[in-house]
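Numbering (the working numbering), first residue to last: -16 to 208.
In C-alpha coordinates, the structure reads:
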(Lines of atoms letter the chains of each structure in order from A and count residues from 1; the text may use other names and numbers.)
(Lines give C-alpha, C1' and ligand atoms only; values in the text may rest on other atoms or scores of the structure.)
Protein backbone atom coordinates (compact mmCIF):
# COMPACT_ATOMS: atom_id res chain seq x y z
CA UNK A 1 0.00 0.00 0.00
CA UNK A 2 1.55 3.26 -1.18
CA UNK A 3 1.55 6.39 0.98
CA UNK A 4 2.66 9.93 0.10
CA UNK A 5 4.17 12.02 2.91
CA UNK A 6 3.97 15.76 2.17
CA UNK A 7 6.10 17.42 4.85
CA UNK A 8 8.76 20.11 4.42
CA UNK A 9 10.68 19.22 7.60
CA UNK A 10 12.90 16.42 6.35
CA UNK A 11 13.63 14.95 9.78
CA UNK A 12 9.91 14.51 10.42
CA UNK A 13 9.33 13.18 6.91
CA UNK A 14 12.19 10.69 7.22
CA UNK A 15 10.92 9.47 10.59
CA UNK A 16 7.40 8.94 9.24
CA UNK A 17 8.63 7.15 6.11
CA UNK A 18 10.98 4.90 8.05
CA UNK A 19 8.34 3.93 10.58
CA UNK A 20 5.65 3.26 7.97
CA UNK A 21 8.13 1.25 5.88
CA UNK A 22 8.68 -0.98 8.92
CA UNK A 23 4.89 -1.37 9.02
CA UNK A 24 5.07 -2.58 5.40
CA UNK A 25 3.80 0.56 3.71
CA UNK A 26 5.56 1.88 0.61
CA UNK A 27 6.33 5.54 1.29
CA UNK A 28 7.21 8.41 -1.01
CA UNK A 29 8.09 11.92 0.14
CA UNK A 30 7.39 15.40 -1.18
CA UNK A 31 8.86 18.45 0.55
CA UNK A 32 6.94 21.31 -1.07
CA UNK A 33 3.68 22.13 -2.81
CA UNK A 34 4.91 21.74 -6.38
CA UNK A 35 6.63 18.37 -5.93
CA UNK A 36 3.57 17.08 -4.06
CA UNK A 37 1.25 18.10 -6.90
CA UNK A 38 3.58 16.56 -9.48
CA UNK A 39 3.46 13.19 -7.68
CA UNK A 40 -0.30 13.40 -7.18
CA UNK A 41 -0.80 14.00 -10.90
CA UNK A 42 1.48 11.11 -11.87
CA UNK A 43 0.71 8.44 -9.28
CA UNK A 44 -2.05 6.91 -7.17
CA UNK A 45 -1.81 6.55 -3.38
CA UNK A 46 -4.00 4.89 -0.78
CA UNK A 47 -3.30 7.68 1.70
CA UNK A 48 -1.64 11.12 1.74
CA UNK A 49 -0.12 12.46 4.96
CA UNK A 50 -0.28 16.21 4.49
CA UNK A 51 1.21 19.17 6.32
CA UNK A 52 -0.78 22.39 5.90
CA UNK A 53 2.15 24.82 5.82
CA UNK A 54 4.40 24.10 2.83
CA UNK A 55 6.93 25.99 0.74
CA UNK A 56 5.30 27.53 -2.36
CA UNK A 57 1.76 26.70 -1.31
CA UNK A 58 -0.71 25.33 1.21
CA UNK A 59 -1.84 21.86 2.09
CA UNK A 60 -5.40 23.12 1.94
CA UNK A 61 -4.85 24.03 -1.71
CA UNK A 62 -3.68 20.46 -2.32
CA UNK A 63 -6.90 19.19 -0.74
CA UNK A 64 -8.88 21.40 -3.10
CA UNK A 65 -6.94 20.07 -6.08
CA UNK A 66 -7.56 16.49 -4.97
CA UNK A 67 -11.28 17.21 -4.80
CA UNK A 68 -11.31 18.91 -8.21
CA UNK A 69 -9.42 15.95 -9.72
CA UNK A 70 -11.86 13.52 -8.06
CA UNK A 71 -8.93 11.59 -6.60
CA UNK A 72 -9.79 8.79 -4.17
CA UNK A 73 -6.82 9.05 -1.80
CA UNK A 74 -7.49 9.28 1.91
CA UNK A 75 -5.85 12.30 3.57
CA UNK A 76 -4.50 12.80 7.08
CA UNK A 77 -3.51 16.37 7.92
CA UNK A 78 -0.54 16.70 10.26
CA UNK A 79 -0.12 20.20 11.64
CA UNK A 80 1.29 22.18 14.54
CA UNK A 81 -1.95 24.16 14.50
CA UNK A 82 -4.21 22.91 17.27
CA UNK A 83 -7.14 25.29 17.03
CA UNK A 84 -10.67 24.03 16.44
CA UNK A 85 -11.05 26.37 13.45
CA UNK A 86 -8.01 24.85 11.72
CA UNK A 87 -9.29 21.32 12.29
CA UNK A 88 -12.74 22.20 10.96
CA UNK A 89 -11.22 23.92 7.91
CA UNK A 90 -9.08 20.88 7.14
CA UNK A 91 -11.92 18.38 7.53
CA UNK A 92 -14.34 20.54 5.54
CA UNK A 93 -11.74 20.78 2.77
CA UNK A 94 -11.84 17.01 2.39
CA UNK A 95 -9.35 15.55 4.88
CA UNK A 96 -10.30 12.27 6.54
CA UNK A 97 -8.38 12.92 9.74
CA UNK A 98 -6.37 15.60 11.55
CA UNK A 99 -3.37 14.90 13.78
CA UNK A 100 -1.62 17.60 15.81
CA UNK A 101 2.19 17.72 16.04
CA UNK A 102 3.96 16.34 17.92
CA UNK A 103 2.34 12.92 17.63
CA UNK A 104 3.32 9.30 18.22
CA UNK A 105 4.21 7.40 15.06
CA UNK A 106 2.24 4.27 16.09
CA UNK A 107 -0.88 6.45 16.31
CA UNK A 108 -0.25 7.85 12.82
CA UNK A 109 0.26 4.35 11.45
CA UNK A 110 -2.98 3.17 13.07
CA UNK A 111 -4.89 6.08 11.54
CA UNK A 112 -3.44 5.36 8.09
CA UNK A 113 -4.49 1.71 8.40
CA UNK A 114 -7.98 2.76 9.55
CA UNK A 115 -8.42 5.02 6.52
CA UNK A 116 -7.33 2.23 4.18
CA UNK A 117 -9.76 -0.23 5.77
CA UNK A 118 -12.58 2.29 5.58
CA UNK A 119 -11.93 3.40 2.01
CA UNK A 120 -11.02 0.09 0.39
CA UNK A 121 -12.55 -2.62 2.57
CA UNK A 122 -15.62 -1.07 4.22
CA UNK A 123 -13.85 -0.75 7.57
CA UNK A 124 -13.23 -4.49 7.91
CA UNK A 125 -10.13 -6.03 9.49
CA UNK A 126 -10.73 -9.29 7.64
CA UNK A 127 -11.43 -10.01 3.99
CA UNK A 128 -13.12 -13.34 3.27
CA UNK A 129 -13.11 -14.84 -0.22
CA UNK A 130 -14.57 -18.34 -0.32
CA UNK A 131 -12.29 -20.14 2.16
CA UNK A 132 -9.52 -17.53 2.02
CA UNK A 133 -9.25 -15.13 4.96
CA UNK A 134 -6.91 -12.13 4.72
CA UNK A 135 -6.16 -10.38 8.01
CA UNK A 136 -5.41 -6.76 7.09
CA UNK A 137 -4.22 -5.85 10.57
CA UNK A 138 -1.80 -8.79 10.98
CA UNK A 139 -1.04 -9.01 7.24
CA UNK A 140 -1.61 -12.77 7.12
CA UNK A 141 -3.48 -15.14 4.82
CA UNK A 142 -5.26 -18.36 5.79
CA UNK A 143 -7.15 -21.07 3.95
CA UNK A 144 -9.35 -23.26 6.18
CA UNK A 145 -7.42 -21.92 9.20
CA UNK A 146 -4.09 -23.00 7.68
CA UNK A 147 -1.51 -20.25 7.21
CA UNK A 148 -0.30 -19.49 3.70
CA UNK A 149 3.07 -17.77 4.10
CA UNK A 150 3.48 -14.79 1.78
CA UNK A 151 6.39 -12.46 1.19
CA UNK A 152 5.76 -8.76 1.68
CA UNK A 153 5.45 -8.17 -2.07
CA UNK A 154 3.13 -11.16 -2.50
CA UNK A 155 0.89 -9.86 0.29
CA UNK A 156 0.80 -6.36 -1.23
CA UNK A 157 0.10 -7.85 -4.65
CA UNK A 158 -2.78 -9.98 -3.33
CA UNK A 159 -4.26 -7.02 -1.47
CA UNK A 160 -4.04 -4.91 -4.63
CA UNK A 161 -5.77 -7.60 -6.68
CA UNK A 162 -8.51 -7.98 -4.07
CA UNK A 163 -9.11 -4.23 -3.86
CA UNK A 164 -9.56 -4.30 -7.66
CA UNK A 165 -11.33 -7.65 -7.92
CA UNK A 166 -13.07 -8.37 -11.22
CA UNK A 167 -11.24 -5.43 -12.80
CA UNK A 168 -8.37 -5.58 -15.27
CA UNK A 169 -5.18 -4.13 -13.80
CA UNK A 170 -2.24 -3.36 -16.06
CA UNK A 171 1.35 -4.40 -15.48
CA UNK A 172 2.22 -0.72 -15.18
CA UNK A 173 -0.28 -0.14 -12.38
CA UNK A 174 1.02 -3.19 -10.50
CA UNK A 175 4.61 -1.95 -10.78
CA UNK A 176 3.62 1.50 -9.55
CA UNK A 177 1.73 0.02 -6.62
CA UNK A 178 4.53 -2.32 -5.53
CA UNK A 179 7.57 -0.11 -6.17
CA UNK A 180 6.34 3.45 -6.58
CA UNK A 181 8.08 6.16 -8.53
CA UNK A 182 11.55 4.73 -7.85
CA UNK A 183 11.08 1.72 -10.13
CA UNK A 184 11.88 1.91 -13.84
CA UNK A 185 8.78 0.48 -15.49
CA UNK A 186 10.68 -0.75 -18.52
CA UNK A 187 12.84 -3.07 -16.44
CA UNK A 188 10.25 -4.28 -13.96
CA UNK A 189 8.09 -6.80 -15.82
CA UNK A 190 10.27 -9.79 -14.99
CA UNK A 191 9.77 -8.99 -11.31
CA UNK A 192 6.01 -8.78 -11.83
CA UNK A 193 5.83 -12.12 -13.64
CA UNK A 194 7.86 -13.77 -10.88
CA UNK A 195 5.73 -12.39 -8.03
CA UNK A 196 2.46 -13.27 -9.74
CA UNK A 197 3.70 -16.75 -10.60
CA UNK A 198 4.78 -17.39 -6.99
CA UNK A 199 1.53 -16.01 -5.54
CA UNK A 200 -0.61 -18.13 -7.86
CA UNK A 201 1.47 -21.22 -7.04
CA UNK A 202 1.08 -20.73 -3.27
CA UNK A 203 -2.68 -20.22 -3.53
CA UNK A 204 -3.22 -23.24 -5.77
CA UNK A 205 -0.97 -25.53 -3.71
CA UNK A 206 -2.98 -24.56 -0.61
CA UNK A 207 -6.18 -25.65 -2.35
CA UNK A 208 -7.46 -22.27 -3.51
CA UNK A 209 -9.03 -21.71 -6.93
CA UNK A 210 -6.83 -19.94 -9.47
CA UNK A 211 -8.34 -16.48 -9.09
CA UNK A 212 -5.64 -14.61 -11.03
CA UNK A 213 -6.39 -14.62 -14.74
CA UNK A 214 -4.22 -13.29 -17.56
CA UNK A 215 -6.02 -10.81 -19.83
CA UNK A 216 -3.82 -10.96 -22.90
CA UNK A 217 -2.58 -7.63 -24.16
CA UNK A 218 -4.01 -5.82 -21.14
CA UNK A 219 -2.86 -7.24 -17.79
CA UNK A 220 -4.44 -9.37 -15.07
CA UNK A 221 -7.80 -9.82 -13.40
CA UNK A 222 -8.58 -11.25 -9.96
CA UNK A 223 -11.83 -13.00 -10.89
CA UNK A 224 -14.31 -13.94 -8.19
CA UNK A 225 -18.11 -14.10 -8.21
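Just so you know, even glycine gets a beta-carbon here, dropped at the ideal spot from N, CA and C.
Distance CB(residue i)-CB(residue j) smaller than 7 Å
i          : j           : result
residue 57 : residue 79  : yes
residue 13 : residue -11 : yes
residue 49 : residue 16  : no
residue 31 : residue -13 : yes
Among the options, nearest to residue i - alpha-carbon criterion
i           : options            : result
residue 39  : 25, 50, 19, 29     : 19
residue 211 : 8, 193, -8         : Outside the shown range of the chain, which is -16 to 208, sits residue 211, and nothing can be said about it.
residue 46  : 26, 32, 77, 23     : 77
residue 87  : 207, 194, 2        : 2
residue 193 : 160, 141, 54       : 141
residue 201 : 148, 184, 190, 156 : 156
residue 53  : 41, 64, 65, 27     : 27
residue 24  : 37, 55, 0          : 55
residue 29  : 187, 147, 181      : 147
residue 207 : 151, 199, 94, 59   : 151
residue 127 : 114, 120, 85, 144  : 114
residue 160 : 11, 6, -3          : 11
residue 83  : 93, 75, 95, 69     : 69
Three-state secondary structure (DSSP) of residue i
i           : result
residue 73  : helix
residue 130 : strand
residue 63  : coil
residue 191 : coil
residue 116 : strand
residue 15  : coil
residue 206 : coil
residue 158 : helix
residue 121 : coil
residue 57  : strand
residue 26  : coil
residue -9  : coil
residue 109 : strand
residue 138 : helix
residue 200 : coil
residue -15 : strand
residue 34  : strand
Buried/exposed call for residue i, threshold 16 Cβ in 10 Å
i           : result
residue 176 : exposed
residue 135 : exposed
residue 59  : buried
residue 101 : exposed
residue 120 : exposed
residue 199 : exposed
residue 99  : buried
For residue j and residue i, the rounded distance between their alpha carbons
i           : j           : result
residue 137 : residue 179 : 8 Å
residue 116 : residue 129 : 10 Å
residue 67  : residue 73  : 10 Å
residue 131 : residue 44  : 44 Å
residue -5  : residue 81  : 16 Å
residue 191 : residue 22  : 37 Å
residue 90  : residue 97  : 10 Å
residue 149 : residue 64  : 43 Å
residue -1  : residue 8   : 11 Å
residue 154 : residue 203 : 8 Å
residue 189 : residue 111 : 16 Å
residue 182 : residue 51  : 37 Å
residue 123 : residue 197 : 25 Å
residue 184 : residue 158 : 20 Å
residue 71  : residue -15 : 27 Å
residue 205 : residue 145 : 7 Å
residue 186 : residue 125 : 10 Å
residue -3  : residue 92  : 14 Å
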